[in-house]
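Start counting the sequence shown at 38; every next residue gets the next number (the working numbering). Each residue gets a CB set at the ideal place from its N, CA and C atoms; glycine is no exception.
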Amino acid sequence: MDEKILRVKIMKDSVDGQAYSPAAKGLHWTIVLLLTVQFTSAFVLPHIGRNTQPSDVIDLHFSVGVLILIVMAARFVHRLIHPVPLEVHDAPPWERLAAKATHQVFYLILLVGPFLGWASASAHRLPVSLFGLVPLPALAAPGAAWANEAGDIHSTAMWVLLWLVGLHVAAALYHHLVRHDGTLLRMLPAAKAGARRRATRQMDRQASD
């Protein structure tokens, strides 16, 4: 086989092996949508104190938090069953480490954070349910000190999450607009076909040099 054709095939196979499945993409963009709603509702939430009464925006915030927990648990299980490298094949070591660390923090906050907020809600005597259809049990006794602390940790964790989301978006745009390495396209629909075409063009240029 011609060396140029062989190298193109190897590059295509590498891209194919790093592509996310439709299920992984669906879970990812579902989380993006839920987080958009959640942060929006968080910014309009009233201050939650001992005398705070349930309201539509509070119920929405709690319900979306429960959905985030469910979808993130499904995404975590899916990733364990179908692991895919976070970074492209030629990423430097520091970039691989940063990608893994960032995603680990994402999973930690999005899997633990809802429980912290849930416990805080219970401590403030606020019922948690899934859109009023599925009532959920209280995780803490009314006024529990540890649950109030959990609420403070929840608030801090959400600010950290918001900062990480911004960093994640900036990194994705950097890879797409500056590095042109297909990192962003791996998570978009029809990413595999586009990545294959780009790999072919890259290998064609290398072979012509």
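Expected contact under 8 angstroms - CB spacing of residue i and residue j to nearest Å
{"i": "Ala175", "j": "Leu153", "result": "Not really, about 14 angstroms apart at Cβ, beyond 8 angstroms."}
{"i": "Ala156", "j": "Ala182", "result": "11 angstroms between Cβ atoms; not a contact."}
{"i": "Thr193", "j": "Ala209", "result": "So it is not a contact: roughly 25 angstroms between Cβ atoms."}
{"i": "Phe143", "j": "Leu201", "result": "6 angstroms"}
Candidates the options: closest to residue i by CA position
{"i": "Asp218", "options": "Pro129, His98 and Gln141", "result": "Pro129"}
{"i": "Ala33", "options": "Leu204, Phe168, Pro179 and Val171", "result": "Residue numbering for the chain in the displayed model covers 38 to 246; residue 33 lies beyond these limits and cannot be assessed."}
{"i": "Ala79", "options": "Phe143, Leu97 and Ala60", "result": "Leu97"}
{"i": "Trp264", "options": "Pro91, Ile105, Asp93 and Gly86", "result": "The requested residue 264 is not part of the displayed model; the chain covers only 38 to 246."}
{"i": "His161", "options": "Met195, Leu221 and Asn185", "result": "Asn185"}
{"i": "Pro122", "options": "Ala61, Val149 and Leu145", "result": "Ala61"}
{"i": "Val149", "options": "Val215, Val197 and His191", "result": "His191"}
{"i": "Ser92", "options": "Met109, Pro151 and Ser166", "result": "Ser166"}
{"i": "Pro59", "options": "Arg116, Ala110 and Thr89", "result": "Arg116"}
{"i": "Val25", "options": "Val114, Met109 and Thr89", "result": "Since the first residue of the chain shown is 38 and the last is 246, residue 25 is not available in this structure."}
{"i": "His119", "options": "Leu64, Leu201, Leu71 and Leu147", "result": "Leu64"}
{"i": "Asp189", "options": "Gly86, Leu221 and Leu71", "result": "Gly86"}
{"i": "Ile283", "options": "Gly169, Thr193 and Leu221", "result": "The chain is shown from 38 up to 246; residue 283 falls before or after that span and cannot be answered."}
{"i": "His84", "options": "Arg223, Leu163, Trp200 and Pro172", "result": "Leu163"}
{"i": "Pro151", "options": "Val206, Leu198 and Tyr211", "result": "Leu198"}
{"i": "Trp196", "options": "Ala111, Ile146, Leu71 and Gln141", "result": "Ile146"}
{"i": "Ala138", "options": "Leu204, Leu222 and Val171", "result": "Leu204"}
DSSP-derived helix/strand/coil call for residue i
{"i": "Leu106", "result": "helix"}
{"i": "Pro59", "result": "helix"}
{"i": "Thr67", "result": "helix"}
{"i": "Gln75", "result": "helix"}
{"i": "His92", "result": "A quick correction: the sequence has Ser, not His, at residue 92. Reduced to three states, the DSSP call for Ser92 is coil."}
{"i": "Lys229", "result": "Annotation note: pLDDT 48 at Lys229 (below 50); position unreliable, no value reported."}
{"i": "Leu82", "result": "coil"}
{"i": "Leu214", "result": "helix"}
{"i": "Arg87", "result": "coil"}
{"i": "Leu221", "result": "coil"}
{"i": "His119", "result": "coil"}
{"i": "Met48", "result": "Note that Met48 scores a pLDDT of 42, beneath 50, so its modelled location is shaky and nothing firm can be said."}
Contiguous alpha helix (DSSP H) assignments of at least 4 residues, all confined to the segment 122-207: 130-160
Check whether the segment 99-112 touches the segment 61-78, counting contact only when three or more Cβ pairs, one atom from each stretch, lie closer than 8 angstroms. yes
How about the segment 133-143 and the segment 79-90: do they share at least three Cβ pairs that are nearer than 8 angstroms? no
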